[in-house]
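Enquirer: Here it is: the structure, laid out below.
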Amino acid sequence: MSISTELIKIIPKSDLHSHLDGSMRVATLIELARSQGVKLPSYEIEGLNQSVFKPVYNNLSEYLLGFHYTCAVLGNFEAIERAAFEMAEDAINDGVRYLEVRFSPQLLVKSGDECVTAFRSVHLGLARAAGKLRQTSDVRSGYDIPFEYGIICCAMRNFGHGMSIYFDTLMNVLSGSDKRDIVKIASFEAVRSALTARDQFGVPVVAFDLAGEEAGYPARHHSDSYEEAHRHFMRTTVHAGEAYGPESIYEAITTCHAERIGHGTFMFEPDRIKDPAINDKNAYIDAIANYIATMRITIEVCPTSNLQTIPELKGVIENHPVRKMLDYGMSVAICTDNTLISHTCLSHELDLTARVCNLDKVEFKRLVLAGFKGAFYPGSYASKRLFIKRAADKLDEIFNS
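Start counting the sequence shown at 90; every next residue gets the next number (the working numbering).
Quick look at the structure:
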């Protein structure tokens with residue numbers, strides 16, 4: 090049985106992996122660039138979509154080029170709040186009722202104090218969008234469920250001069266230090282700013298994440314930061330297996346207490362295992378996959394983004410391992426990653442997955458609910474269960490109508 094695109098659009102959904110700086114409206118980017126004097130290749134939507142935000146990218150460098158422009162206009166708190174509001178509004182219009190917005194404040198602002206303010210600004214934008222939906226008659230009558238959200242702090246595996254004022258300042262102050270030590274310091278400052286925003290200002294920063302280049306920049310360099318998050322009951326996720334093999338996923342789980350994995354696309358690739366001590370590579374992969382399934386470590390799968398950034402997939406969804414993840418019994422949450430950079434929305438990502446995996450109605454509902462269940466929900470466990478039940482009841486109502 091095929092699941093119609095119309096049905097996918099109207100059901101309540103959750104998006105657990107969505108980057109603020111990759112999910113702006115292109116019109117807003119142009120407006121902010123004009124007002125701030127930021128140079129763009131074009132100041133027309135069509136022109137930017139042809140030169141920067143392409144439907145198909147030739148390589149990862151082309152894909153990442155868009156972040157150069159979005160980060161450039163998100164250097165003040167009003168712009169950050171606006172981007173968060175519009176991101177949430179677009180998600181709500183697509184039927185998303187739970188959204189986790191992740192971003193690296195160190196890419197946007199100058200200091201640790203400003204990182205805290207950046208978290209507060211994202212919160213203000215998301216709260217404004219949530220409040221707007223709450224005022225609708227559908228939510229007030231109980232016909233629709235409210236929009237809820239969390240914020241995820243991203244640390245960077247690696248950075249260099251020119252990425253941001255924050256990183257440039259840190260490298261200048263610590264010039265002569267080992268690069269790994271500088272990376273560790275920046276990562277620890279990121280988690281401390283996230284904890285300050287949460288504990289002193291009530292911002293729903295629900296998790297700590299690690300993004301960026303995997304090869305040569307292992308997660309273990311950030312173990313102190315993850316330990317700090319763990320000690321303060323902040324949930325944890327790691328971008329892993331997006332551009333490296335199973336060992337990156339293993340390290341995320343064993344070294345960083347990862348409760349979720351971002352992407353995990355190369356989980357099943359024995360040829361990408363580098364450690365010569367691993368003799369039976371298939372057994373190693375099987376052990377990791379079964380552990381992930383058993384421990385309900387949710388995989389945040391972003392199909393379109395993966396097709397655009399991983400040449401090995403050749404742009405063909407049938408080459409994506411999402412079906413194999415489901416066959417292992419893993420908790421899989423389908424996500425957008427970057428709605429602007431990838432020209433996508435969650436409805437499209439779910440439609441793509443449902444078709445390639447040939448999901449029936451029961452399997453599709455299970456997939457949708459896995460996103461809600463895997464959420465780093467900012468409230469109590471009891472309130473999360475109630476929220477999931479409301480989403481499940483609404484799903485049943487729509488499917489049975």
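Glycine included, every Cβ here is placed at the ideal spot set by N, Cα and C.
Count the other C-beta atoms from every protein chain shown that fall within 10 angstroms of the C-beta of Leu215, then say buried if there are 16 or more, exposed otherwise.
Expert: Numbered from its first residue, the sequence shown carries residue 215 at position 126. Burial call: buried.
Enquirer: What's the C-alpha gap between Leu458 and Thr258?
Expert: On the sequence shown, position 369 is the one that residue 458 refers to. On the sequence shown, position 169 is the one that residue 258 refers to. Rounded to whole angstroms, Leu458 to Thr258 spans 43 Å at the Cα level.
Enquirer: Could you name the residues that DSSP lists as bridge partners for Phe297?
Expert: Taking the first residue of the sequence shown as 1, we reach residue 297 at position 208. Answer by DSSP bridge pairing, in chain order: Cys242 and Thr325.
Enquirer: Would you call Ile92 buried or exposed, if buried means 16 or more other Cβ atoms sit within 10 Å of its Cβ?
Expert: Position 3 of the sequence shown, counting from 1, holds the residue named residue 92. Label assigned to Ile92: buried.
Enquirer: For Val405 and Leu396, I'd like the C-alpha separation in whole angstroms.
Expert: The residue given as residue 405 occupies position 316 in the sequence shown. The residue given as residue 396 occupies position 307 in the sequence shown. Roughly 7 Å between the two C-alpha positions.
Enquirer: Provide the residue span of the beta strand (DSSP E) that contains Lys363, from first to last.
Expert: Within the sequence shown, residue 363 is the residue found at index 274, counting from 1. Where Lys363 is concerned, there is no enclosing beta strand (DSSP E), given that its DSSP letter is neither H nor E.
Enquirer: With distance defined between alpha-carbon atoms, name the residue in Leu121, Gly184 and Glu170 nearest to Leu492.
Expert: No answer is possible for residue 492: it lies beyond the span of the chain, which begins at 90 and ends at 490.
Enquirer: Comparing alpha-carbon positions, which option in Leu456, Ile134 and Val292 lies nearest Ser210?
Expert: In the sequence shown, the residue the question calls residue 210 occupies position 121. Among Leu456, Ile134 and Val292, the Cα nearest to that of Ser210 is on Val292.
Enquirer: Decide if Ser107 is buried, meaning its Cβ has at least 16 other Cβ atoms within 10 Å, or exposed.
Expert: The residue you call residue 107 lines up with position 18 of the sequence shown. Under this definition Ser107 is a buried residue.
Enquirer: Identify the residues that DSSP records as bridge partners of Arg191: which are they?
Expert: Reading the sequence shown from its first residue, position 102 is the one you call residue 191. Answer is His108 and Ile241.
Enquirer: Helix, strand or coil for Val205 per DSSP?
Expert: Along the sequence shown, one-based indexing puts residue 205 at 116. It is helical.
Enquirer: So, is Glu407 buried or exposed, given that buried needs 16 or more other C-beta atoms within 10 angstroms?
Expert: As a working mapping, residue 407 is identified with position 318 in the sequence shown. Looking at its Cβ environment, which holds fewer than 16 other Cβ atoms inside 10 Å, Glu407 is exposed.
Enquirer: Roughly how many angstroms lie between the CA atoms of Tyr315 and Pro194, to the nearest whole one?
Expert: If you number the sequence shown from 1, residue 315 lands on position 226. If you number the sequence shown from 1, residue 194 lands on position 105. Between Tyr315 and Pro194, the C-alpha separation is close to 17 Å.
Enquirer: So if DSSP puts His352 in a beta bridge, which residue, or which two residues, is it bridged to?
Expert: Along the sequence shown, one-based indexing puts residue 352 at 263. According to DSSP, which records beta bridges pairwise, His352 is partnered with Ala329.
Enquirer: Here's the rule I'm using: 16 or more other beta-carbon atoms within 10 Å means buried, otherwise exposed. How should Asp227 be labelled?
Expert: In the sequence shown, the residue the question calls residue 227 occupies position 138. Result: exposed.
Enquirer: Which whole runs of the alpha helix (DSSP H) in the region 120 to 153 are 4 residues long or more, in chain order?
Expert: Here the runs fully enclosed are 134 to 140.
Enquirer: For Arg123, collect the residues of the same chain with a Cβ closer than 7 Å to its Cβ; drop the 5 residues on either side in sequence, then sort them by chain order.
Expert: Residue 123 sits at position 34 when you count from the first residue of the sequence shown. Counting only Cβ-Cβ distances below 7 Å, and skipping sequence neighbours, we find Tyr132.
Enquirer: Quick test of your reading: Pro392 and Thr442, contact by CB under 8 Å. State the CB separation rounded to the nearest angstrom.
Expert: Here residue 392 is taken as the residue at index 303 of the sequence shown, counted from 1. Here residue 442 is taken as the residue at index 353 of the sequence shown, counted from 1. Rounded, the Cβ-Cβ distance is 6 Å, consistent with contact.
Enquirer: Is it the case that the Cβ atoms of Ala180 and Phe256 are separated by a distance below 9 Å?
Expert: The residue labelled residue 180 in the question sits at position 91 within the sequence shown. The residue labelled residue 256 in the question sits at position 167 within the sequence shown. No. Outside cutoff.
Enquirer: Work out the CA separation of Asn147 and Glu175 for me, nearest whole Å.
Expert: Numbered from its first residue, the sequence shown carries residue 175 at position 86. Numbered from its first residue, the sequence shown carries residue 147 at position 58. Roughly 29 Å between the two C-alpha positions.
Enquirer: Pull up the CB-CB distance for Gly334 and Arg361, whole angstroms please, since I reckon it's below 8 Å.
Expert: Locating residue 334 in the sequence shown gives position 245, where the first residue counts as 1. Locating residue 361 in the sequence shown gives position 272, where the first residue counts as 1. That pair is a contact at about 3 Å.
Enquirer: Is the region 373 to 393 touching the region 343 to 350, taking contact as three or more C-beta pairs under 8 Å?
Expert: Yes, the region 373 to 393 is in contact with the region 343 to 350.
Enquirer: Does the pairing of the region 236 to 247 with the region 111 to 120 give three or more beta-carbon distances under 8 Å?
Expert: Contact fails: fewer than three Cβ-Cβ distances are below 8 Å.
Enquirer: Just the Cα atoms here: how many angstroms apart are Ser253 and Leu196?
Expert: The count along the sequence shown starts at 1 and reaches residue 253 at position 164. The count along the sequence shown starts at 1 and reaches residue 196 at position 107. So the two alpha carbons sit approximately 5 Å from each other.
Enquirer: Going by DSSP in three states, Ile92 sits in which element: helix, strand or coil?
Expert: Locating residue 92 in the sequence shown gives position 3, counting from the first residue. Coil at Ile92, not helix or strand.
Enquirer: Determine which residues share a DSSP beta bridge with Ala71 and list them.
Expert: The structure shown does not extend to residue 71, since the chain is modelled only from 90 to 490, so the question has no answer here.
Enquirer: Between the C-alpha atoms of Asn165 and Gly249, what's the straight-line distance to the nearest angstrom?
Expert: Numbered from its first residue, the sequence shown carries residue 165 at position 76. Numbered from its first residue, the sequence shown carries residue 249 at position 160. Looking at the two C-alpha atoms, the distance is approximately 21 Å.
Enquirer: Would you kindly report the start and end of the unbroken alpha helix (DSSP H) that includes Ser276?
Expert: As a first step, residue 276 is located in the sequence shown; it is residue number 187 there, counting from the start. Taken as a continuous stretch (DSSP letters only), the alpha helix (DSSP H) holding Ser276 covers Lys268 to Phe290.
Enquirer: For Leu96 versus Phe488, is the C-beta spacing smaller than 9 Å?
Expert: Numbered from its first residue, the sequence shown carries residue 96 at position 7. Numbered from its first residue, the sequence shown carries residue 488 at position 399. In this structure, Phe488 lies closer than 9 Å to Leu96 by Cβ.
Enquirer: State the DSSP-derived secondary structure class of Val411, mapped to helix, strand or coil.
Expert: As a working mapping, residue 411 is identified with position 322 in the sequence shown. Of the three classes helix, strand and coil, the one that applies to Val411 here is helix, per DSSP.
Enquirer: Shortest alpha-carbon distance to His311 belongs to which of Asp288, Glu331 and Glu278?
Expert: Residue numbering aside, residue 311 sits at position 222 when the sequence shown is read from its first letter. That would be Glu278, whose Cα lies nearest to the Cα of His311.
Enquirer: Thinking C-alpha only, which one of Val190, Glu120, Lys128 and Ser140 is nearest Asn427?
Expert: Residue numbering aside, residue 427 sits at position 338 when the sequence shown is read from its first letter. Of the candidates Val190, Glu120, Lys128 and Ser140, the one whose C-alpha sits nearest the C-alpha of Asn427 is Val190.
Enquirer: Whose C-beta lies closer than 6 Å to the C-beta of Glu303 among residues of the same chain, with five residues either side of it excluded?
Expert: Start at 1 with the first residue of the sequence shown, and residue 303 comes out as number 214. So the qualifying residues of the chain are Ala332, Tyr333 and Ser337.
Enquirer: Per DSSP, which one or two residues make a beta bridge with Val185?
Expert: Locating residue 185 in the sequence shown gives position 96, where the first residue counts as 1. In DSSP, Val185 forms a bridge with Lys102.
Enquirer: Kindly give me the distance between the Cβ atoms of Val127 and Ala161, rounded to whole angstroms, as I take these residues to be in contact under 8 Å.
Expert: As a working mapping, residue 127 is identified with position 38 in the sequence shown. As a working mapping, residue 161 is identified with position 72 in the sequence shown. Right, their Cβ atoms sit about 5 Å apart.
Enquirer: The alpha helix (DSSP H) with Leu263 in it runs from where to where?
Expert: As a working mapping, residue 263 is identified with position 174 in the sequence shown. Taken as a continuous stretch (DSSP letters only), Leu263 belongs to no alpha helix (DSSP H), as it is neither H nor E.
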